[in-house]
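*Asks:* Numbered as in our numbering, the sequence shown ends at 217 without a single skipped number. Virtual Cβ for every residue (Gly too), placed ideally from N, Cα, C. Every value quoted in this text rests on a predicted model; they were computed, and no experiment measured them. Supplied in structure tokens, the structure appears directly below.
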Amino acid sequence: MLSGFQLNILMNHSILLAAIIGMIRFKYISSDYYPFIFMIWLGFFNETLSLLFIYTRQSNTVNSNLYVYLEYLLILWQFYRWNSFNRKYFYLLIIGGLAICLTDNFVLHAITRNNSMFRVVASFVLVYLSIDQINKIIIFERSVLRYNAEFLICIIFLIYFVFKSFIEAFNMFEMVLSKELLNTLWMILGIVNFIANLLYALASLWIPTKQKFILL
């Protein structure tokens with residue numbers, strides 16, 4: 002019987018499937034989806050690094066606090082490649098996110114703590130961008146949406162970051178919760194993350210290939 006910790010490790014590393022698919026298909030897919038693939042690889046690298054640090058240093062908070070900002074950057078880049086916003090707005094979100102991340106990890110708290118302020122703010126930003134992009138796809142896209150990688154990725158972002166912002170808010174406001182309830186909330190997020198990882202693998206299969214140019 003697997004312990005809760007071992008089960009969590011397996012669920013987090015389920016992102017490996019999407020990482021492998023992305024690696025196999027990388028040279029064939031449209032460059033518009035490169036940020037998504039980089040995000041998948043970064044996620045797998047961070048999960049492996051976290052496991053190493055937990056066993057050697059008993060804490061993965063430092064790399065996790067850095068990872069969430071890098072993940073935020075890659076997802077912003079992905080939306081930018083999808084023409085969700087202009088370059089000025091793109092840089093504004095980058096700088097604004099960096100300011101909040103630095104404040105959260107170096108001014109209000111120590112980077113060695115599990116800090117949630119940036120995670121909550123970033124989640125709200127990404128939820129908004131996901132909803133906005135989903136609306137654009139529904140209005141302008143004529144293909145079958147269930148085979149649309151962009152639509153599926155946005156749905157995954159929406160669901161995952163809604164759950165993430167909800168659960169991280171408890172930590173941000175330092176609410177006093179029972180150990181059982183806290184463990185249940187984090188287990189729910191782990192399950193949502195596991196489902197998201199499996200759907201990332203499916204989305205990686207649906208990413209369109211590069212367009213071939215034919216000279217007439």
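Just list the residues that DSSP pairs residue 62 with in beta bridges.
*Replies:* Taking the sequence shown and counting its residues from 1, the one referred to as residue 62 is at position 61. Bridge partners of residue 62: none, in fact.
*Asks:* Pick from 117, 196, 74: whose alpha carbon is nearest that of residue 63?
*Replies:* Here residue 63 refers to the residue found at position 62 when the sequence shown is read from its first residue. For the residues 117, 196, 74, the minimum Cα distance to residue 63 belongs to 117.
*Asks:* Output the distance between the C-alpha atoms of residue 139 and residue 153, rounded to the nearest integer angstrom.
*Replies:* In the sequence shown, residue 139 corresponds to position 138, counting from 1. In the sequence shown, residue 153 corresponds to position 152, counting from 1. Their Cα atoms are separated by approximately 12 Å.
*Asks:* Can you check whether the CB of residue 38 is closer than 8 Å to the CB of residue 198?
*Replies:* Within the sequence shown, residue 198 is the residue found at index 197, counting from 1. Within the sequence shown, residue 38 is the residue found at index 37, counting from 1. No.
*Asks:* Using the DSSP secondary-structure output, state which residues sit across from residue 49 in a beta bridge.
*Replies:* Here residue 49 is taken as the residue at index 48 of the sequence shown, counted from 1. Looking at the DSSP assignment, residue 49 forms no beta bridge with any residue, so it has no partner.
*Asks:* Leaving out five residues before and five after residue 169 in sequence, what residues of the same chain have Cβ atoms less than 6 Å from its Cβ?
*Replies:* As a first step, residue 169 is located in the sequence shown; it is residue number 168 there, counting from the start. So the list reads 117, 120, 121, once near-sequence residues are dropped.
*Asks:* May I ask you to report which of helix, strand or coil DSSP gives residue 113?
*Replies:* The residue labelled residue 113 in the question sits at position 112 within the sequence shown. Reduced to three states, the DSSP call for residue 113 is coil.
*Asks:* I'd like the list of long-range same chain contacts for residue 123, defined as Cβ closer than 7 Å, with 5 residues on each side in sequence excluded.
*Replies:* Numbered from 1 along the sequence shown, position 122 holds the residue referred to as residue 123. So the list reads 69, 73, 98, once near-sequence residues are dropped.
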